[in-house]
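Peer 1:
Residue numbers (the UniProt record's numbering): 1 to 245.
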C-alpha cells in the first residue's frame, strides 16, 4: 500500500463510559445478527423529517466522490476509505458517549422494533449499545492494524478473497453503528448542530459501499417485515439523486 495509508496515525480510542467486558474475539464480533422483531408504528423520526433529512455540507451526488482514482490499486482505494470511515465514525461517536450509556441504551437498537444481537460462542447475546459499539470499534481497529489483512508494505500484496470478506463484515458492523446513532441519538446530533456533518458522512459511506458492493440491500433495507430505520433515509436520498448517478 502507499504511504498515504501507511503514515496515517491510528485513531484514538473511543471515550467509553463502560468496559467491553472482554471475551469478544474477531470471529465473535463479525457473527452478530439482527433479532427478529415485529414492526412497530409511530411518528416519523426526526432524521426522516425535513429539513433535517436534507441537511448536508455539500449539495450534489455523492457517487461522484467515490470514483477510484486512476492508477490506484482498487484494494488500496477500498482500504483507505474504510480506514477513514471507521476513524470519522469513531470520533463522532466519541462526542456522543455521554448520551449513549448502559441506562439510556440497554440494547443495540437500530429502529423502534429492531435490536441487534451479538453472536458469541454460537449463541446470540444481547448487549447494551455502548458495549456493542465499543466491541465493534475495538475489533475493527485491531483488523486495521493487522498487516495480514491491511498490508502497508509495498512488497506485501492484499489477499483478495480474505480482504473482500473482511471489509464487507466491517461495513455491516459500521452500518449498524450508524443505524443506532440515527435511531437513538439524532436529537443529540441536532443539539450539537452536527446533522449536516453526520448526514454527509453517512451518505458518503452508503455511496462508497454501494459502488464497490460492500453491503447487501437487505443490510440497509432490513428483512421483510422488520425494516431498518435508516433504510428509509437511504431510499429518500436515492430518490432525490444524492446516491444515484
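Virtual Cβ for every residue (Gly too), placed ideally from N, Cα, C. Just so it is clear, the structure is predicted and the values come from calculations on it, not from any experiment.
Which word fits residue 113, buried or exposed, when buried means at least 16 other C-beta atoms lie within 10 angstroms of its C-beta?
Peer 2: Its Cβ being crowded by 16 or more others within 10 Å, residue 113 is buried.
Peer 1: Whole angstroms is fine: what's the gap from residue 85's alpha carbon to residue 216's?
Peer 2: The straight-line gap from Cα to Cα measures roughly 18 Å.
Peer 1: Quick one: Cα of residue 66 to Cα of residue 208, how far?
Peer 2: Distance between the alpha carbons of residue 66 and residue 208: 6 Å.
Peer 1: Below 8 Å CB to CB, which residues in the same chain sit around residue 238 once its five sequence neighbours on both sides are set aside?
Peer 2: Excluding sequence neighbours, residue 238 sits near 244.
Peer 1: For residue 242, count the other beta carbons within 10 Å of its own beta carbon; 16 or more makes it buried, fewer makes it exposed. Which is it?
Peer 2: It is buried - the Cβ of residue 242 has at least 16 other Cβ atoms within 10 Å.
Peer 1: For residue 222, count neighbouring Cβ atoms within 10 angstroms of its own Cβ and tell me buried if that reaches 16, exposed if not.
Peer 2: Burial call: buried.
Peer 1: Flag this pair as yes or no: are the beta carbons of residue 56 and residue 154 separated by less than 7 Å?
Peer 2: Cβ distance not < 7 Å, so residue 56 and residue 154 don't count as in contact.
Peer 1: With DSSP as the reference, please indicate the residues paired to residue 231 in a beta bridge.
Peer 2: Its beta-bridge partners do not exist; DSSP assigns none.
Peer 1: Less than 8 Å between C-beta atoms, sequence neighbours within five positions excluded: which residues of the same chain meet that for residue 178?
Peer 2: Hits under 8 Å: 89, 202, 205, 230.
Peer 1: Excluding sequence positions up to five away, which residues of its chain have a Cβ less than 8 Å from the Cβ of residue 77?
Peer 2: Contacts found: 68, 69.
Peer 1: Whose C-beta lies closer than 7 Å to the C-beta of residue 105 among residues of the same chain, with five residues either side of it excluded?
Peer 2: Within the same chain, residue 105 has close Cβ partners 128, 129, 130, 184.
Peer 1: Taking only the alpha-carbon atoms, compute the straight-line gap between residue 83 and residue 144 and give it to the nearest angstrom.
Peer 2: Distance between the alpha carbons of residue 83 and residue 144: 7 Å.
Peer 1: Cα separation between residue 35 and residue 73?
Peer 2: Residue placement at residue 35 cannot be trusted, given a pLDDT of 49 that sits under 50; the coordinates are not used to answer.
Peer 1: Apply the 10 Å Cβ neighbour rule to residue 45 and answer buried if 16 or more other Cβ atoms are within range, or exposed otherwise.
Peer 2: Buried, since its Cβ has 16 or more Cβ neighbours within 10 Å.
Peer 1: Ends of the alpha helix (DSSP H) at residue 168?
Peer 2: Segment 160 to 191, the alpha helix (DSSP H) holding residue 168.
Peer 1: To which residues of the same chain is residue 168 closer than 6 Å at the C-beta, ignoring the five residues directly before and after it?
Peer 2: So the qualifying residues of the chain are 214.
Peer 1: Look up residue 209 in the DSSP assignment and say whether it is helix, strand or coil.
Peer 2: Looking at residue 209 - three-state DSSP - the assignment turns out to be helix.
Peer 1: Do residue 111 and residue 228 have their C-beta atoms within less than 7 Å of each other?
Peer 2: In contact: residue 111 and residue 228 (Cβ atoms closer than 7 Å).
Peer 1: Report the three-state DSSP secondary structure of residue 58 (helix, strand or coil).
Peer 2: If DSSP states are grouped into helix, strand and coil, residue 58 belongs with coil.
Peer 1: Select from 233, 150, 108 the residue whose C-alpha is nearest the C-alpha of residue 81.
Peer 2: Nearest of 233, 150, 108 to residue 81, Cα basis: 150.
Peer 1: Rounded to whole angstroms, what is the Cα-Cα separation between residue 99 and residue 52?
Peer 2: In a straight line, the C-alpha of residue 99 is about 20 Å away from that of residue 52.
Peer 1: According to the neighbour-count rule (16 or more other Cβ atoms, all chains shown, within 10 Å of its Cβ), is residue 233 buried or exposed?
Peer 2: By the 10 Å Cβ count, residue 233 comes out buried.
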